[in-house]
Every structure is written in structure tokens, then in C-alpha cells.
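Colleague: Quick one: structure below, then a few questions.
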Amino acid sequence: MAATTDAGVFDESGLLAKAREGDSAAFSELVNQYSRKIYRLAKHITQNDSEAEDVLQETFLKAFEHLGDFQGQSKFYTWIVRIAVNESLMKLRKRKSDRTVPLDEPLDTGEDTVVREIAVWDENPEQQYSREEIGQILDEAVQSLKPAFRTVFVLRDIEELSTEETARALEISIPAVKSRLLRARLQLREKLTRFFKRKGDDVFAYL
Amino acid sequence: MTSLLTCKEFMQELSDYLDATVDAELRRKLEVHISECPNCFVILDTTKKTIEVYKGVQPQPIPPEVYSRLMKAVEKKLAATHKPG
Ligand SMILES: [Zn+2]
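If you read the sequences in order, they're chains A and B.
Count along the first sequence from 1, then add 617; that gives the number in the working numbering.
Count along the second sequence from 1, then add 514; that gives the number in the working numbering.
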């Protein structure tokens, strides 16, 4: 198959070259490779299944349309993530009239970094929770973050973009990425501690 | 003599410390702080675990109907773009 090299390695630049020439199997292979991550990203940002599906489709359709503009200085994945982020943010902005907190609200209230829960975690939370339960705990914690924090956390710590890539994708400054990421991480830490802390333990054990 | 960090100052740098983007001098100050402050040690450790637990999560498969609608849309687009003639 054209999809992989002889060694079975995913040959992205080969696929891209073929897709640019209109090879639909090659483009489908790229879609197949990244669609799960793009769908997850879209769901995390929009928090809505049907909007996430729109974003998923739009992302790959636009990617195909603009394949000629993709020069390959960045990774293909980073490039389609930027398209997906744009599409997702557009969905959020369209619903500005509802109760969704806007992305540009003042963020630095100081409240966000207040730490209430200080406790070490259980070494093996898998013994207390099933894989599904842990997945649900993690998801709900992310979903509870404000959009401005959520988007930064998703790009940096779930999709593993760099600080610079995240800043570019969201069109915000690097210090803004850093400060939102700090707050997102601390808020998630706080939420997860409620589930994963060692039973019968608290900070006084360490004093 | 270097001045000691407060817990608040420690928290401000926590994220950069975990990403290893602080300079050597600040790193040293942060490490002095956690060696003396059990609370900040626990916050650092559990924040690190928070990041690790999310990094390990693989994306779920897309629901089959969503995937098939995606592939249909892609095929339609490709067919429209590469009409012969
Ligand atoms: Zn401290």
C-alpha cells in the first residue's frame, strides 16, 4: 500500500506529496492518521458533539483546499491543529449570546491560583477506579475549566504543542499562554486531588 | 546571599519549572524552596502527576457514523476538485 513505507513506518511527506497531486487514497490516509486527535481537540474546545463533527469535517476539507499553501516548515499535524483551533473558536464566538464565558474575559483575578487541596496522591489510582472512570474524571475536570484556560491546556498538555505553537494557534502572546497554562494546571491538580488523594492522608503528615 | 522565595512566588514559577524553562539561578531557588516547604513540594509533585496523567491518554476512536460522514465529505470534495477535463 502507498500508505506506509516498506518498514511499515507512516510516511507523511510521501503521502503529502501524493495528496498534492490529487491522490485521494493518500489524503484519506492522512485523514485517518489524525482524525481522532482532531475530533478530540474539537470536542474539548467546543464541548459539543455536533459542533465537533463540523469542526472535524471543516478542518480536513480546508486542509485539502489549502494543501498547496502548506510548505512543510511546520509539521502537518501542527498545521491542521491550527485550522481546527480556528474552526473551534469560531463556534465558540458564534454562541457569544449564551452563557459561555468569552475567551477574552479578564483572567488574572489571582483567585485562580489559590490552592485549597494539598494532599499526596495514591500511588495506584487504577486500583480504586476503572480505566473508564479515570477517563471520565479527567474529561470532566478539563470540561470544567474556563474556555481560555481549557484551550491552552488542551493544546499544550494534551496535544503536546510547544508554547510557541500554542501562542500562534490561539493568536495570543507567549506570556499569556504561560500564565493560562499555570492556572489550568493548578485548577486541574486541585480537582484531581479530590479523587486521587491517598485516603486518610493530609498535609499534616508532612509537617 | 540569595533571597528566599515565598510560596506565592514559587507558585508563579511552578509551571515553567516543570517545563524546564527556568534559568539555573531560579531553578536553584525553587529547589531550595521545595526542600524546606512540604506544602509546595506536594503541590509540585501532584501538578507534575496531573500533567503526566493527561499526556498518557490516547484519543478515543471516532464514532463510526461520524467517521463515515467525514470520509464521505472528504471523498466528495476530492471528486469535485479533480474532475477530469
Ligand atoms: Zn512553599
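All C-beta atoms in this analysis are idealised placements derived from N, C-alpha and C, irrespective of residue type, glycine included.
Would you please verify whether the beta carbon of A:Trp696 is less than 8 Å from any beta carbon of chain B?
Modeller: Cβ-Cβ to chain B under 8 Å: no for A:Trp696.
Colleague: Are at least three pairs of beta-carbons, each pair with one atom in the region 519-535 of chain B and one in the region 798-807 of chain A, less than 8 Å apart?
Modeller: yes
Colleague: Could you run through the region 574-587 of chain B and flag, in chain order, every residue whose CB is less than 9 Å away from some CB of chain C?
Modeller: No chain C is present in this structure, whose protein chains are A and B.
Colleague: Return the bridge partner residues of A:Trp738 from the DSSP annotation.
Modeller: A:Lys814
Colleague: Pick out whichever of B:Tyr581, B:Glu589, B:Pro573, B:Leu544 has its Cα sitting closest to the Cα of A:Ser667.
Modeller: B:Tyr581
Colleague: For chain A, is any of its Cβ atoms less than 8 Å away from the one on B:Glu523?
Modeller: no
Colleague: According to the neighbour-count rule (16 or more other Cβ atoms, all chains shown, within 10 Å of its Cβ), is A:His683 buried or exposed?
Modeller: exposed
Colleague: From what residue to what residue does the alpha helix (DSSP H) around A:Phe681 run?
Modeller: 666-682
Colleague: Strictly closer than 7 Å from CB to any heavy atom of ligand 3: give me those residues in the order they appear in the chain.
Modeller: With respect to small molecules bound, the structure shown includes ligand 1 and not ligand 3.
Colleague: Less than 8 Å between the beta carbons of B:Leu592 and A:Phe677, yes or no?
Modeller: no
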